[in-house]
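Chemist: FYI, the numbering for the sequence shown is 12 to 397, going by the numbering used here.
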Amino acid sequence: MKTIGIILKKELKRYFTDVRMLVGIILPGILIFLLYSVMGNFMGQQSSSIHEFNVYVVNEPIELSYIFQFEGMEIKKVNETLEETEILKKVENQELDLYIIYPLNFMKDINEYTSGNGKAPNIDIYYNSAKESSQLIYTLYTEALNSYEAVLANKFDINNSNNKYDLAKEEDLTVRIFTMMLPFLLITFLFSGAMGICSESISGEKERGTIATLLVTPAKRSHIAIGKVSALGITALASSIVSFIGLIASLPRLVGTNLSLSAYNIQTIFMLLVVIILTVLFFTVVLTIVSTFAKTVKEASSLSIPVMIVVMLLGATSFMGTTAQSNAALYLIPVYGAIQCLTGILSMTIDPLAFVLFILSSIVYIGGGIFALTKMFNSERIMFNS
Numbered sequence: 012m013k014t015i016g017i018i019l020k021k022e023l024k025r026y027f028t029d030v031r032m033l034v035g036i037i038l039p040g041i042l043i044f045l046l047y048s049v050m051g052n053f054m055g056q057q058s059s060s061i062h063e064f065n066v067y068v069v070n071e072p073i074e075l076s077y078i079f080q081f082e083g084m085e086i087k088k089v090n091e092t093l094e095e096t097e098i099l100k101k102v103e104n105q106e107l108d109l110y111i112i113y114p115l116n117f118m119k120d121i122n123e124y125t126s127g128n129g130k131a132p133n134i135d136i137y138y139n140s141a142k143e144s145s146q147l148i149y150t151l152y153t154e155a156l157n158s159y160e161a162v163l164a165n166k167f168d169i170n171n172s173n174n175k176y177d178l179a180k181e182e183d184l185t186v187r188i189f190t191m192m193l194p195f196l197l198i199t200f201l202f203s204g205a206m207g208i209c210s211e212s213i214s215g216e217k218e219r220g221t222i223a224t225l226l227v228t229p230a231k232r233s234h235i236a237i238g239k240v241s242a243l244g245i246t247a248l249a250s251s252i253v254s255f256i257g258l259i260a261s262l263p264r265l266v267g268t269n270l271s272l273s274a275y276n277i278q279t280i281f282m283l284l285v286v287i288i289l290t291v292l293f294f295t296v297v298l299t300i301v302s303t304f305a306k307t308v309k310e311a312s313s314l315s316i317p318v319m320i321v322v323m324l325l326g327a328t329s330f331m332g333t334t335a336q337s338n339a340a341l342y343l344i345p346v347y348g349a350i351q352c353l354t355g356i357l358s359m360t361i362d363p364l365a366f367v368l369f370i371l372s373s374i375v376y377i378g379g380g381i382f383a384l385t386k387m388f389n390s391e392r393i394m395f396n397s
C-alpha cells in the first residue's frame, strides 16, 4: 500500500505541477462553458428570428381564426383572389408559407359527423418543407388543429388524401439538407484529417531525434516551415476529400430521400473548394504549432483536444439556421467564418464581400501561423526541449 501511495503522489504531482498538462485538464471545461454560453444566447436570438408568415386560407371558420394567434408571430393572410394552381405555385416557389383549405361547411360537418359514419371532414394544408418559415408554421398550425380535434374526439382529419402536400422541390430539399448537415460534418472531417496527421508531425520527429538532422541543413527555417505545412496540408486535404465523397455518396440513404445536385453549379463547387483548402491549411498550421510546442506525440495529442472542442462547438452553430450571417465582420473569425461561408454557399445566400473577407483573413492567419512556426523552429529551447 505504501508503494501505491508513493506512485500515486508522484503521478499526481507530475500532472498538477506541469503547466502544459494543467492547461489540458482545465482548459476544456472553461472553453465549453464560454462557448455554450455564447451559443445559448445565439440560439435564443435565432429561435425568435422568424416571426412573419404569409398564408392563404380558404373557407376559414370564424370559430377557428384564433388558431393563428401565436405569441410573438405575425400572420399575414393573403386576401388576393387567386386560382388554386397559382397558390400552389407560390407555395412551391417559397412565396407563400401555407395554403389551407377548409371544407365549405366545416363546422356544420364536424357537428354532424360521428365516428365510423362516412368520411370525416378533411383539412388540406400545403406547405414547403425546404423553407424554414413554412415548415415552422405548418408544424405549429397542425399541432393546434390536432389539439382542437382531440377535444372533439376525432371529428375531422388533416391531409387525409393522396395529394402531395409538401410542395418542396428536390433541389430545394437538397439545399436545405446540405445546408443543415454539411458545414458541421465537413468541418469535422477537415479537422480530424489534419489532427490525425499533424499531431505526430514535429513532436514525433523530436522523439525520434530526426528533427535535429533537418534543422542543421542549410535550408532556411521558413522554407522548412512552409514545406512541412504544405505537405501536411495536402495529405490532410486528401484524407478529408475521401471522407467527404463517402459522405455525399451515403447521404441519400442517411436522410431517406432523393437528392438532386442540379441546384449547384461549377461556381458553387469552386467556392466550396476554396473554403475547404483555406480551412485545411489553417487547421494544419494551428495543429503543427501545437505539435512543435509539445515535447512528445502524447502531449501534442493532449494539447490538440481543447482546439478540437472549440472547432466542434463552433461547427455546431451551423445547426442554428439555414442561411448565412449577414454581418460581414463575423467572417473574419477563424473557423466560424469558414462555417458561415459553407452555410452561405450551400444555401446560395453567400455575400460576395463576406466571402472575400474570409479569404483575405484566412491568408493572413495562415501567413501569421507560418511566421510563428519559423520563430519556433529558430528556438533551440522549443525544438530541442531544453
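Backbone N, C-alpha and C fix where the C-beta goes; we use that ideal spot for every residue, glycine too.
Would you mind reading off the limits of the alpha helix (DSSP H) that contains M216?
Modeler: Reading the sequence shown from its first residue, position 205 is the one you call residue 216. A small correction: the amino acid at residue 216 is Glu; Met does not occupy that position in the sequence shown. Unbroken alpha helix (DSSP H) run through E216: 212–219.
Chemist: Going by other Cβ atoms of all chains shown within 10 Å of its Cβ, with 16 needed for buried, is T303 buried or exposed?
Modeler: The sequence position of residue 303 within the sequence shown is 292, counting from 1. So T303 counts as buried.
Chemist: Please identify the residue among I98, F202, T228, I235 whose C-alpha is closest to the C-alpha of A247.
Modeler: Position 236 of the sequence shown holds residue 247. Out of I98, F202, T228, I235, F202 has the C-alpha closest to the C-alpha of A247.
Chemist: Taking 8 angstroms as the threshold (C-beta atoms), are V102 and L178 in contact?
Modeler: Within the sequence shown, the letter at position 167 stands for residue 178. Within the sequence shown, the letter at position 91 stands for residue 102. Cβ atoms of L178 and V102: closer than 8 angstroms.
Chemist: What residues are listed by DSSP as bridge partners for V322?
Modeler: What you label residue 322 is simply residue 311 of the sequence shown in a count that begins at 1. DSSP lists no partner for V322.
Chemist: Tell me, please, whether the CB atom of I169 is closer than 8 angstroms to any CB atom in chain D?
Modeler: The structure shown has no chain D; it contains just one protein chain.
Chemist: Output the distance between the C-alpha atoms of V89 and C209, rounded to the nearest integer angstrom.
Modeler: Residue numbering aside, residue 89 sits at position 78 when the sequence shown is read from its first letter. Residue numbering aside, residue 209 sits at position 198 when the sequence shown is read from its first letter. V89 and C209: Cα-Cα distance of roughly 58 angstroms.
Chemist: Run through DSSP, which three-state label would Y176 get?
Modeler: Position 165 of the sequence shown, counted from the start, is the residue given in the question as residue 176. In the structure shown, Y176 sits in coil (DSSP, three-state: anything other than H, G, I, E or B).
Chemist: Just list the residues that DSSP pairs D168 with in beta bridges.
Modeler: Counting from one through the sequence shown, the residue named residue 168 turns up at place 157. In DSSP, D168 forms a bridge with N133.
Chemist: Using 8 angstroms as the threshold, is the C-beta distance between F255 and L197 below it?
Modeler: In the sequence shown, counting from the first residue as 1, residue 255 sits at position 244. In the sequence shown, counting from the first residue as 1, residue 197 sits at position 186. A contact, by the Cβ cut-off of 8 angstroms.
Chemist: Rounded to whole angstroms, what is the Cα-Cα separation between I121 and L115?
Modeler: In the sequence shown, the residue the question calls residue 121 occupies position 110. In the sequence shown, the residue the question calls residue 115 occupies position 104. Approximately 12 angstroms, taken between the alpha carbons.
Chemist: Entirely within the stretch 186–249 and at least 4 residues each: give me those alpha helix (DSSP H) ranges in chain order.
Modeler: Taking only runs of at least 4 residues, the alpha helix (DSSP H) segments lying wholly in the stretch 186–249 are 212–219, 221–226.
Chemist: For T221, I'd like the list of residues in its chain whose CB is within less than 6 angstroms of its CB, leaving aside the five on either flank, ordered along the chain.
Modeler: Here residue 221 corresponds to residue number 210 of the sequence shown, with the count starting at 1. Closer than 6 angstroms at the Cβ level, and outside the excluded window around T221, lies no residue.
Chemist: By the DSSP assignment, the alpha helix (DSSP H) with I151 in it spans what residues?
Modeler: Taking the sequence shown and counting its residues from 1, one reaches residue 151 at position 140. The identity of residue 151 in the sequence shown is Leu, whereas the question assumes Ile. L151 -> alpha helix (DSSP H) spans 143–162.
Chemist: Please classify E91: does DSSP put it in a helix, a strand, or coil?
Modeler: Position 80 of the sequence shown holds residue 91. Coil.
Chemist: Over the uninterrupted alpha helix (DSSP H) stretch that includes Y138, give me the two end residues.
Modeler: Walking along the sequence shown from the start, residue 138 turns up at place 127. Premise fails: Y138 is in no alpha helix (DSSP H) and is neither H nor E.
Chemist: Using the Cα positions of Q57 and A327, report the straight-line distance between them to the nearest angstrom.
Modeler: Here the question's residue 57 lines up with position 46 in the sequence shown. Here the question's residue 327 lines up with position 316 in the sequence shown. With a pLDDT of 48 at Q57, under the threshold of 50, the modelled position of this residue cannot be trusted, and the question is left open.
Chemist: Roughly how many angstroms lie between the CA atoms of Y67 and P317, to the nearest whole one?
Modeler: One-based indexing of the sequence shown puts residue 67 at position 56. One-based indexing of the sequence shown puts residue 317 at position 306. So the two alpha carbons sit approximately 50 angstroms from each other.
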